[in-house]
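Below is one structure; the comments refer to it alone.
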Amino acid sequence: MTKGYINSIETFGAVDGPGVRFVVFMQGCAMRCRYCHNPETWKVFGPAASQGGQGLPGNEVTVRTPEDVFAQACRYRSYWKNGGGITVSGGEALLQIDFVTELFALCHEKGIHTALDTSGNPFTRNEPFFSKFQKLMDVTDLFILDIKQINGEKHKQLTGWDNKNILDLARYLSENGKDMWIRHVLVPGITTDEEDLKELRKFLDTLKTVRRVEVLPYHTMGITKYDKLGIPYPLLSVNPPTDEEIQRAEQILKR
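Using the working numbering, read the sequence shown as starting at 1 and increasing by one per residue.
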């Protein structure tokens, strides 16, 4: 029986896909984005890991089946108008691809819209992941893809990882006609460089299925979580972007 490690659930999400969403935040992420506001989702659990792990105090990681989560979600179905449905986010949901695929297959059997919010970091065309991803793609209506930095070296400095496979994922989704929303977090001095933004826009212009581009202003609301976890916050000297910086990025990326 497939089980998933879940950090938290939001029953009335309004920003993670169209309409009102039931949002499942999966536990575990390999990336270490310097601006991450959910460090409690980093730790990866699995059969070989210790049981009953904790995130933040009062936020225990739960182990659940796709059927269990689906049954809970369906209690809220009457609110899913205007394209609402179920979104799986993280952490990084692709680290638990079997769970997500089974959950989304249940959704498709009942005609429920599915969205996957991902950084794309686990994506590879190598097996066994690639075959699993193709199955997931068949039952995913919308991919919400975070492109954190178009420049490969800067992406590695920001997240600890290269971005070649992430950009490959975007191309693959486009080639296979899968709808995408693209998200870009705007961090002053890190992701605000005008040339980088123009390069990102140039890349997006090569994709055929981008339905929406979202510029997400960096914020500092996650600092208290770092304090509780005893993790040094890496961007204490960085302030949120100004209105001018946000408008400029939107002019470039959302044209």
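Cβ atoms here follow ideal geometry from the backbone N, Cα and C, with glycine treated the same way.
Check: Cβ shell of residue 14 (< 7 Å), same chain only, five flanking positions each side left out; Outcome: 20
Check: Per DSSP, cross-strand counterpart(s) of residue 85; Outcome: 21 and 113
Check: 8 Å contact criterion, which residue 181 and residue 211 should meet: CB distance rounded; Outcome: 6 Å
Check: 8 Å Cβ cutoff met for residue 97 and residue 136; Outcome: yes
Check: Span of the alpha helix (DSSP H) around residue 252; Outcome: 243-253
Check: Residue 54 in three-state terms, based on DSSP; Outcome: For residue 54, the predicted structure reports a pLDDT of 41, less than 50, and the residue's modelled location is therefore unreliable. A value from the coordinates is still provided. The answer is strand: DSSP assigns residue 54 an E or B state.
Check: Expected contact under 8 Å - CB spacing of residue 238 and residue 185 to nearest Å; Outcome: Contact flag wrong, Cβ pair sits at about 12 Å.
Check: Start and end residues, beta strand (DSSP E) containing residue 213; Outcome: 210-217
Check: Residues of its chain near residue 221, where Cβ-Cβ distance is below 8 Å and the 5 sequence neighbours each way are ignored; Outcome: 37
Check: Residue 199: first and last residue of the uninterrupted alpha helix (DSSP H) it sits in; Outcome: 194-204
Check: Strand pairing of residue 35, partner residues [DSSP]; Outcome: Residue 35 pairs with nothing; no bridge assigned.
Check: Reference residue 215; option with closest CA among 146, 121 and 66; Outcome: 146
Check: Beta-carbon proximity of residue 67 to residue 106, cut-off 8 Å; Outcome: yes
Check: Residue environment, residue 71, which counts as buried when at least 16 other CB atoms sit within 10 Å; Outcome: exposed
Check: Residue environment, residue 143, which counts as buried when at least 16 other CB atoms sit within 10 Å; Outcome: buried
Check: Option in 4, 23 and 35 with minimal Cα separation from residue 218; Outcome: 35
Check: Alpha helix (DSSP H) runs wholly inside the region 125-162, at least 4 long, in chain order; Outcome: 129-138 and 152-159
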